[in-house]
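Quick notes on the structure that follows.
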Amino acid sequence: MAVQTTTTAGTTQAAPRRLLLEVLHDWVTTVDHKKIGLMYIGYALFFLVVAGCQALLMRIQLAVPNNHFVSPQTFDSLFTMHGTTMVFFVGMPILFGFGNYLVPLMIGARDMAFPRLNAFSFWISAFGGMLLYFSYFGASGLYGAGSAPDVGWFAYAPLTAQIFSPGHSTDYWTLAILLSGIGNIGTALNIVATTICMRCPGMKLNRMPLLVWLYLVTSCLAFVTISPLTAAQIMLMLDRYVGSHFFDTQAGGSAVLWMHFFWIFGHPEVYILVLPAFAFANEIIPVFSRKAIFGYPAMVAASVGIGFISLSVWAHHMFTVGLGPGPNTFFTLATMVIAVPTGIKIFNWLATIWGGKIHFTVAMMFATGFLFQFLIAGLTGIMLSVAPFDWQLGNSYFVVAHFHYVLVGAILFMIFSAFYYWFPKMSGRMLSERLGKWHFWIFLIGFHLTFDFMHVPGLLGMPRRIYTYEADRGWMIWNMIVSSGAVFQAVATLLFVYNMVWSYFKGPIAGPDPWDAWTLEWSTASPPPAYNFAEVPTVESRRPLWDIKHPEDPDSRYE
Amino acid sequence: MAHSFWPGLAVQISTGFSHGSTSIFAPAGTPAHSIFSLSMLVLSIVAAIFLVVAGLLLYAVVRYRHRADAANASVEPPQIYGSTQIELSWTVIPVLIVVLLFLATARIILTTQNAPKPANALDVTVIGHQFWWEYDYPKLGIVTANELHIPVSDPKHPTPTYLTMSSADTDHSFWVPRLAGKMDLIPNQINTMWIDPQAPGLYLGQCAQYCGVQHAKMLIRVYADNPPEFAAWVAHQQQPAVDDPGVAEGRAVFLHNACMSCHTIAGTAATGRFGPDLTHVASRDTIASGSVTNNPANLRAFIDNPATFKPGVLMPAMHLSQHDLDAVVAYLSTLK
Amino acid sequence: MSQTAVIPQTANEAWILPSRGVVGMACLIVAESAIFTIFVVAYLYYLGRDQRGPTPRQVLDLPLFTSICLLSSSLTVHLAVAALHRGRRHACSLWLAATVLLGSIFLGGTAHEWYTLIYRDGLTIQTNLFGTTFYSLVGLHATHVLVGLAMLSLALVFSLNGSMSAKHTGRLEVLSLYWHFVDAVWVVVFTVVYVLGR
Chain C
85 MAVQTTTTAG TTQAAPRRLL LEVLHDWVTT VDHKKIGLMY IGYALFFLVV
135 AGCQALLMRI QLAVPNNHFV SPQTFDSLFT MHGTTMVFFV GMPILFGFGN
185 YLVPLMIGAR DMAFPRLNAF SFWISAFGGM LLYFSYFGAS GLYGAGSAPD
235 VGWFAYAPLT AQIFSPGHST DYWTLAILLS GIGNIGTALN IVATTICMRC
285 PGMKLNRMPL LVWLYLVTSC LAFVTISPLT AAQIMLMLDR YVGSHFFDTQ
335 AGGSAVLWMH FFWIFGHPEV YILVLPAFAF ANEIIPVFSR KAIFGYPAMV
385 AASVGIGFIS LSVWAHHMFT VGLGPGPNTF FTLATMVIAV PTGIKIFNWL
435 ATIWGGKIHF TVAMMFATGF LFQFLIAGLT GIMLSVAPFD WQLGNSYFVV
485 AHFHYVLVGA ILFMIFSAFY YWFPKMSGRM LSERLGKWHF WIFLIGFHLT
535 FDFMHVPGLL GMPRRIYTYE ADRGWMIWNM IVSSGAVFQA VATLLFVYNM
585 VWSYFKGPIA GPDPWDAWTL EWSTASPPPA YNFAEVPTVE SRRPLWDIKH
635 PEDPDSRYE
Chain Z
288 MAHSFWPGLA VQISTGFSHG STSIFAPAGT PAHSIFSLSM LVLSIVAAIF
338 LVVAGLLLYA VVRYRHRADA ANASVEPPQI YGSTQIELSW TVIPVLIVVL
388 LFLATARIIL TTQNAPKPAN ALDVTVIGHQ FWWEYDYPKL GIVTANELHI
438 PVSDPKHPTP TYLTMSSADT DHSFWVPRLA GKMDLIPNQI NTMWIDPQAP
488 GLYLGQCAQY CGVQHAKMLI RVYADNPPEF AAWVAHQQQP AVDDPGVAEG
538 RAVFLHNACM SCHTIAGTAA TGRFGPDLTH VASRDTIASG SVTNNPANLR
588 AFIDNPATFK PGVLMPAMHL SQHDLDAVVA YLSTLK
Chain W
5 MSQTAVIPQT ANEAWILPSR GVVGMACLIV AESAIFTIFV VAYLYYLGRD
55 QRGPTPRQVL DLPLFTSICL LSSSLTVHLA VAALHRGRRH ACSLWLAATV
105 LLGSIFLGGT AHEWYTLIYR DGLTIQTNLF GTTFYSLVGL HATHVLVGLA
155 MLSLALVFSL NGSMSAKHTG RLEVLSLYWH FVDAVWVVVF TVVYVLGR
């Protein structure tokens with residue numbers, strides 16, 4: 085391994101002030117996994133705010149029927165940009181950001197397996213995001229600003245064909261996804277290689293922290309799911325640029341083929357996003373319950389199982405496209421089966437807190453919210469897996485509520501939890517718990533106002549992606565409540581951003597191990613030096629720091 | 288069955304207030320009914336799981352919280368690494384639930400999608416367009432748009448309507464929640480579904496697959512008529528267009544402008560297929576795909592600038608003079 | 005805890021992990037296989053659905069000679085790695101040169117095939133579904149051959165100017181893995197396009 089230059093720990097505070105340009109140069113040229121991880125996170129947070137504002141605009145528009153707040157064209161590009169941004173430029177980068185930061189630290193490595201590839205992956209993904217937003221100015225050739233993509237985030241053919249989507253907005257969308265896909269495959273490859281080849285002595289596969297296991301599964305999943313999306317985007321670009329007929333229905337091409345290709349990516353993508361959230365829960369819940377994770381092997385098996393099963397469920401997004409009773413029955417079964425490993429996970433978390441001493445820090449509060457909300461999201465998922473029920477609920481606001489329950493109620497809650505848990509490691513300072521509690525409660529109220537009540541208009545027949553609706557359908561009251569919840573969420577998110585900024589400068593010093601935790605990242609300084617560990621650690625169990633703190637009762641005795 | 292489960296309750300409250308119900312919990316046809324019963328089974332199972340698991344979670348969260356004043360507050364709790372028996376039990380029980388749910392679901396999938404078609408079923412071809420619905424009755428020789436008339440189906444002597452569906456441009460989806468689940472309309476592909484409203488009346492729905500700018504105003508109106516009314520409707524629709532000499536001027540405006548290249552009026556030179564068939568346009572309750580009431584004022588505003596009601600609609604503003612506008616509206620209003 | 009915890013070094017057994025180059029390349033191969041799978045699925049899905057020709061049966065010839073060239077280049081690249089491993093640099097250069105030559109013959113064959121298809125048979129990517137799926141699948145593979153050839157040529161240059169030695173065996177092996185993959189994909193493409201689909 086390359087010898088790294090030694091700098092003092094906690095550069096952010098201790099080092100003398102440098103020129104802005106030098107700092108910038110440092111970040112742009114860095115190949116350090118921690119800096120790249122932070123850049124991923126920062127970039128994702130920026131887009132989280134952008135896509136959150138888009139959601140707010142949509143909620144204002146839908147608060148009352150026949151509203152004229154935004155035009156239909158604007159609304160269509162709002163939901164397209166919101167979905168695309170949240171999935172590709174918030175979810176993926178924030179999770180890969182944490183992965184980048186944490187995986188080497190947790191396996192006792194000094195960097196990723198391919199540091200330069202890591203930097204390349206980040207910058208190419210970042211460029212993809214900028215390209216997507218450049219469409220606001222460039223999609224019609226620098227005039228007619230505001231012409232962002234408006235084909236929906238799954239961009240069903242043939243709406244994306246030249247005749248239905250003239251101009252260049254769809255081209256920007258395709259290119260942005262393609263680039264972000266390349267970056268994601270690069271990062272996934274890096275995480276797998278790091279996990280397999282860079283573990284510190286003693287860190288056998290069955291001693292890896294569950295977080296690392298889950299990132300391994302997520303990354304493997306990324307190879308077999310993001311690649312099909314990349315292939316489909318190449319086909320779409322060939323259609324749009326050189327006139328091929330993959331999805332050109334007027335020349336015999338098939339619209340359904342695109343749906344298959346997209347959802348072969350699209351459904352496992354949900355698991356790519358949710359597995360890292362499980363990963364955070366697997367680290368945070370045990371630490372604040374003061375107990376080892378219950379059933380480590382079952383948790384690993386369940387994660388790998390989810391990974392495999394998730395590859396065979398994609399057509400449950402297509403119950404209404406006329407696949408026929410055979411495929412509908414098969415995909416119903418495959419989808420329901422996923423409930424089993426998912427159930428194992430929930431029960432094991434329950435068993436982990438059972439008999440523990442739960443410390444309700446803000447991180448644990450968010451994790452508790454995650455447990456309840458993920459339970460509900462899973463149950464509405466079972467409802468949707470019942471194909472006939474899905475013929476009614478599919479593409480309605482019920483589905484929108486369901487997947488937001490997963491993406492916000494489970495994933496975003498765990499991301500917030502992860503921020504409260506690892507921010508001290510990343511910055512050297514604690515986040516304010518007092519502000520954090522405000523953040524938690526306001527966000528919780530907003531979340532439930534918005535997404536609990538969002539199920540109802542779906543049951544009442546309101547389809548998704550409509551810019552307005554008729555007054556006589558009885559949807560207004562529900563939409564009004566949903567929109568009012570969005571305001572709470574926005575306020576809470578602002579509080580969170582303020583908390584991060586304030587704590588970065590004024591927060592109490594964290595020290596290396598503020599939570600009395602057990603995994604390797606807490607054995608080094610906060611923030612860790614560029615080389616991570618002064619001495620490469622050796623481990624003998626799943627909780628190396630527990631062994632040190634409890635020499636009379638080490639984990640290694642039970643493994 | 289758990290009819291009192293909260294979404295059901297909430298929905299019933301809300302449907303009580305709303306006039307044009309599109310609730311999936313107010314089924315009025317066989318497919319919607321069987322989905323409704325299945326959904327009640329699913330809801331009760333899901334609700335039971337929720338109560339058990341959330342109850343346990345809540346208990347654990349309250350019972351096992353850290354108490355700073357307890358005697359052993361600084362001692363770590365006993366470490367438990369797992370238990371094969373317990374883990375096995377919460378693997379097997381979900382498997383059993385999944386098997387139960389799956390069997391119930393498979394039955395409904397097969398009975399709905401493999402239902403034998405009775406000989407007296409009505410055939411209607413539904414073509415989705417940006418952003419309106421074309422309804423063709425091939426055996427009756429009727430072509431109409433946006434308002435689907437079908438006979439009521441008496442459960443004792445069912446007269447279901449079989450829809451053969453495709454699209455002329457992008458993907459659409461036909462969804463009338465009270466009658467059946469949705470089915471997509473996809474170019475280059477033929478899908479089928481059937482509906483059998485068991486009470487006369489108007490059933491509302493709308494396009495449920497994003498199809499372009501005006502996806503939101505691609506509304507569906509299904510009129511379930513009693514047999515005599517339906518027969519009368521059919522007989523009327525089979526007539527050619529009314530040719531009232533009093534509105535000859537408006538007719539001339541229609542035929543001498545681009546109107547005729549997109550719209551058909553049976554019995555005239557207008558045979559366009561790009562827009563809705565207007566042979567009996569005045570017999571419809573609404574225009575612009577169900578978005579506004581069909582009256583001369585709305586018709587006039589729509590022809591003057593279709594984007595007033597439907598921004599993004601494919602029909603261009605015709606830039607007719609005020610005089611021509613009045614004439615063409617007068618003409619169209621006679622096309623009962 | 006105020007001090008940084010340092011975990012004592014107590015390992016006494018050897019701690020050997022796989023080479024990251026090989027693992028990285030294996031990951032890339034899995035990802036690339038998924039991309040090719042999608043193109044193959046599209047090819048098979050649209051096979052025989054064309055309303056108008058030309059059809060594969062009318063215009064495709066079996067590219068036997070060039071396929072044999074490409075497949076045998078797998079052997080030569082393997083021999084190059086083996087030679088480098090034993091420190092025989094001249095043999096390595098020779099086998100690398102042979103690999104580049106065989107790969108170039110294959111690409112030349114593809115170029116000739118495309119020229120004939122376009123100018124004799126009038127089949128372009130815009131003609132029909134067969135043209136669309138054929139050019140994109142074969143073209144995607146040819147692009148991979150091109151990338152492999154570029155890297156092999158670079159290796160050949162390093163080998164010729166003497167900057168490659170036995171300690172670079174691992175890297176050349178990673179490259180050879182890629183090349184084997186490109187060959188394996190050709191076996192699939194050949195079977196699908198020229199055997200099953202004709």
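Chains as they are written, first to last, in this note's numbering: chain C, 85 to 643; chain Z, 288 to 623; chain W, 5 to 202.
Note that CB positions come from ideal geometry on N, CA and C, so glycine has one too.
- State the CB to CB distance for the pair I393 of chain C and F349 of chain C, rounded to an integer number of angstroms; the pair is presumed to be in contact (CB under 8 Å). Going by Cβ atoms, the distance from I393 of chain C to F349 of chain C rounds to 16 Å, so no, they are not a contact pair.
- Message: If you reduce the DSSP assignment to three classes, tell me which class W342 of chain C lands in.
- Response: Three-state result, W342 of chain C: helix.
- Item | H400 of chain C, DSSP secondary structure in three states | The answer is helix: DSSP assigns H400 of chain C an H, G or I state.
- Skipping 5 residues on each side, what residues in its chain have a beta carbon closer than 8 Å to that of H329 of chain C? Cβ neighbours of H329 of chain C beyond the five flanking positions: D323, A335, G336, G337.
- Task: Could you give the DSSP three-state label for L427 of chain Z: helix, strand or coil?
- Result: Coil.
- Message: Are the CB atoms of P447 of chain Z and D483 of chain Z within a distance shorter than 8 Å?
- Response: Yes, Cβ-Cβ distance for D483 of chain Z and P447 of chain Z is below 8 Å.
- Would you grab the beta carbon distance between F131 of chain C and F173 of chain C for me? Rounded to a whole angstrom, and I think it's under 8 Å. With a Cβ gap of about 4 Å, F131 of chain C and F173 of chain C count as contacting.
- Query: DSSP three-state call for L21 of chain W: helix, strand or coil?
  - Reply: Coil at L21 of chain W, not helix or strand.
- Message: Considering only DSSP beta bridges, list what V104 of chain W is partnered with.
- Response: Beta-bridge analysis with DSSP links V104 of chain W to no other residue.
- Determine whether the Cβ of D125 of chain W lies closer than 8 Å to any Cβ atom of chain C. Cβ-Cβ to chain C under 8 Å: no for D125 of chain W.
- Item | Cβ shell of L140 of chain C (< 7 Å), same chain only, five flanking positions each side left out | Apart from the 5 residues on each side of it in sequence, L140 of chain C sits with its Cβ closer than 7 Å to the Cβ of A570, A574 in its chain, given in chain order.
- Query: Going by C-alpha distance, which of C:W559, C:D597, C:S469, C:L604 is nearest A391 of chain Z?
  - Reply: Selected option, being the one with the closest Cα: C:S469.
- Local Cβ density within 10 Å of I178 of chain C, reported as buried at 16 or more and exposed below that: Buried is the call here.
- Could you check the C-alpha separation between T164 of chain C and Y346 of chain Z for me, to the nearest Å? Distance between the alpha carbons of T164 of chain C and Y346 of chain Z is about 41 Å.
- Task: Buried or exposed for M214 of chain C, please, with buried defined as at least 16 other CB atoms from any protein chain shown within 10 angstroms of its CB.
- Result: Result: exposed.
- Message: Just to make sure I have the definition right: I need the residues of chain C whose C-beta is within less than 7 Å of the C-beta of N582 of chain Z. Which are they?
- Response: Neighbours of N582 of chain Z in chain C, taken as residues whose beta carbon is under 7 Å from its own, are absent, since the nearest beta carbon is some 17 Å off.
- Identify the residues that DSSP records as bridge partners of R508 of chain Z: which are they? For R508 of chain Z, the pairing in a beta bridge is given by DSSP as Z:E434, Z:L491.
- Message: I believe V568 of chain Z touches L619 of chain Z by the beta-carbon criterion, under 8 Å. Please report the beta-carbon distance rounded to the nearest angstrom.
- Response: Their Cβ separation, rounded to whole angstroms, is 6 Å, which keeps V568 of chain Z and L619 of chain Z in contact under 8 Å.
- 8 Å Cβ cutoff, M319 of chain C in contact with chain W: Taking Cβ atoms only, chain W reaches closer than 8 Å to M319 of chain C, which makes this a yes.
- Message: Less than 7 Å between C-beta atoms, sequence neighbours within five positions excluded: which residues of the same chain meet that for M123 of chain C?
- Response: Sequence-distant partners of M123 of chain C (beyond 5 residues in either direction) whose C-beta falls short of 7 Å from its own C-beta, in its chain, are W111, F206.
- Message: For S610 of chain C and A601 of chain C, I'd like the C-alpha separation in whole angstroms.
- Response: S610 of chain C and A601 of chain C have their alpha carbons spaced roughly 13 Å apart.
- Can you name the residues that DSSP bridges to H36 of chain W? The residue asked about is misnamed: residue 36 of chain W is Glu in this sequence, not His. E36 of chain W is not bridged to any residue.
- Test: T8 of chain W CB closer than 8 Å to a CB of chain C: Low confidence applies here, because T8 of chain W scores a pLDDT of 47, under 50, leaving its location unreliable; read the following figure in that light. So yes, T8 of chain W belongs to the interface.
- Can you give me the start and stop residues for the alpha helix (DSSP H) that N432 of chain C sits inside? 423 to 437 is the extent of the alpha helix (DSSP H) around N432 of chain C.
- Would a check of beta-carbon distances place W19 of chain W closer than 8 Å to chain C? True, the Cβ-Cβ gap to chain C drops below 8 Å.
- Spatial neighbours of Y355 of chain C in its chain, beta-carbon cut-off 8 Å, leaving aside the 5 residues before and after: Annotation for Y355 of chain C: T302, L305, I390, G391, S394 place their beta carbon closer than 8 Å to its own, counting only its chain and skipping 5 residues before and after.
- Message: Taking the alpha-carbon of V340 of chain C as reference, which of C:P199, C:V148, C:T603, C:P242 has the nearest alpha-carbon?
- Response: For V340 of chain C, the nearest C-alpha among the options comes from C:P242.
- Answer with buried or exposed for Q55 of chain W, where buried requires no fewer than 16 other C-beta atoms within 10 angstroms of its C-beta. Exposed is the call here.
- Item | Range covered by the alpha helix (DSSP H) that runs through N583 of chain C | Segment 560 to 590, the alpha helix (DSSP H) holding N583 of chain C.
- Query: For I368 of chain C versus S501 of chain C, is the C-beta spacing smaller than 8 Å?
  - Reply: Yes, the Cβ-Cβ distance between I368 of chain C and S501 of chain C is below 8 Å.
- Message: If I follow the unbroken beta strand (DSSP E) through F461 of chain Z, where does it start and stop?
- Response: From DSSP, the beta strand (DSSP E) with F461 of chain Z extends over 459 to 461.
- Sequence-distant residues of the same chain with beta carbon closer than 6 Å to L651 of chain C, five excluded per side: Within the shown structure, residues of chain C are numbered from 85 to 643, placing residue 651 of chain C beyond reach of any answer.
- Round the Cβ separation of D471 of chain Z and G408 of chain C to the nearest angstrom and send it over; I've been treating them as touching at under 8 Å. Contact annotation, D471 of chain Z with G408 of chain C: C-beta distance approximately 13 Å; criterion of less than 8 Å not satisfied.
- Item | Spatial distance of V107 of chain C from T114 of chain C (CA atoms) | Rounded to whole angstroms, the separation of the alpha carbons of T114 of chain C and V107 of chain C is 10 Å.
- Query: Curious, which full-length alpha helix (DSSP H) runs of at least 4 residues does the stretch 235 to 288 of chain C contain?
  - Reply: Counting only unbroken stretches of 4 or more residues, the alpha helix (DSSP H) elements lying wholly within the stretch 235 to 288 of chain C are 253 to 281, in sequence order.
- Alpha carbon to alpha carbon, how far is A210 of chain C from I318 of chain C? Roughly 20 Å separates the two Cα atoms.
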